[in-house]
Amino acid sequence: MSFQLQLNEVEKAREIAERATKTIALREEKEKQNVWIAMLNMESMYATDETLEEAFKRACQYNEAQDIHEKLASIHIQTGKTEKADDLFKVIKKFSQDPRIWVNYADFLLSSKQNREAARALLQRAMQALTQDQHKDLISKTYSPLSKKKSDLYNIFLDMEIKYGSEEDDGKEGVRVLFKRALAKKTSTRQAKALFKKWLGFEKSKGDEKSVEAVTRKAKEYVEAKKGE
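Under the UniProt record's numbering, read the sequence shown as residues 1 to 229, first letter to last.
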């Protein structure tokens with residue numbers, strides 16, 4: 001298939017892919033899905049919007065529709081078609097409560113569209129729509145490892161959790177767990193200092209003198225540990 005594309009023989013490559021989808025055993029779902037994804041890539045790069053749309057609809061019929069939507073969104077991002085990717089993410093989040101979808105969409109808004117406010121608004125809706133357990137799942141999926149982009153996304157989640165989930169004692173403890181988890185990961189000194197500053201602000205607002213002292217002590221211990229490296 002790739003050889004045919006190198007020769008610019010799109011129709012022959014399409015025929016090869018079509019045969020593959022029919023000859024691969026039904027139980028080999030992952031392999032068959034890979035063929036459909038290859039077809040979507042081919043149609044995106046070498047054909048027209050019309051043939052891509054046709055292949056996309058057929059792929060959704062023979063595979064998990066959500067997976068295909070996500071894969072095509074990724075293809076659009078890779079090829080610089082951000083508006084098309086945005087449209088697909090809007091569709092995906094309508095039929096899925098999977099926290100991963102919200103994370104991927106917010107990640108896209110931050111990285112591809114540089115739209116922090118849209119990402120914040122999206123995650124605010126997610127926090128309101130999802131359960132408390134899903135909140136934790138939503139946040140954990142943003143944080144391995146903590147790149148600059150992921151740090152930005154994680155901070156938005158922290159802001160949302162502080163705003164919507166920290167009025168009760170168990171909610172406050174949940175926020176503290178998130179700060180501890182973030183600081184336990186490999187982070188830059190600048191990122192760690194920003195997290196400690198945010199955590200200290202949270203304790204001054206929602207905690208008490210004891211909790212403020214505890215965070216201040218942790219921050220000093222972190223600085224001393226860095227000096228010894």
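From the three backbone atoms N, C-alpha and C, an ideal C-beta is built for every residue, glycine too.
Measure the CB-CB distance between residue i and residue j and report whether it falls below 8 angstroms.
i	j	result
Leu123	Trp102	yes
Tyr105	Lys93	yes
Lys30	Thr21	no
residue 232	Ile75	Coverage of the chain is limited to positions 1 through 229, which leaves residue 232 absent and any answer about it impossible.
Lys185	Leu158	no
Lys163	Gly207	no
Going by CA-CA distance only, name the one from the options that's closest to residue i.
i	options	result
Ala17	Glu28, Val35, Glu31, Glu29	Val35
Thr79	Thr51, Asn63, Ser44, Glu70	Ser44
Val212	Tyr222, Gly201, Glu221	Gly201
Arg190	Gly174, Val91, Val223	Val223
Asp49	Lys84, Phe89, Glu221, Trp199	Lys84
Arg116	Tyr154, Arg100, Gly228, Ala214	Tyr154
Apart from the five residues just before and just after residue i, which ones in its own chain have a Cβ nearer than 6 angstroms to its Cβ?
i	result
Ile68	Ala59, Cys60
Ser112	Ile77, Thr82
Ile37	Lys71
Glu161	Val175
With a threshold of 7 angstroms on Cβ separation, who are the neighbours of residue i within its own chain once the five nearest residues in sequence on each side are excluded?
i	result
Leu183	Ala192, Leu195
Arg120	Ile156
Phe108	Ile77, Ala85, Phe89
Phe179	Leu195, Trp199
Within 10 Å of its beta-carbon, does residue i have 16 or more other beta-carbons around it, so buried, or fewer, so exposed?
i	result
Asp86	buried
Ala126	buried
Val177	exposed
Ala55	buried
Val91	exposed
Ala15	Note that residue 15 is Glu in the sequence shown, not Ala. Classification of Glu15: exposed, given that the 10 Å Cβ count is below 16.
Glu221	exposed
Glu203	buried
Glu209	exposed
Rounded to the nearest angstrom, how far is the Cβ of residue i from that of residue j, given a contact under 8 angstroms?
i	j	result
residue 232	Ala65	There is simply no residue 232 to check, as the chain begins at 1 and stops at 229 in what is shown.
Using beta carbons (cut-off 8 angstroms, strictly below), is residue i in contact with chain D?
i	result
Ser44	The chain labelled as chain D is not found in the depicted structure, where only one protein chain is given.
What does a CB cutoff of less than 8 angstroms around residue i pick up in its chain, not counting 5 residues either side in sequence?
i	result
Thr216	Leu200
Lys226	Thr189
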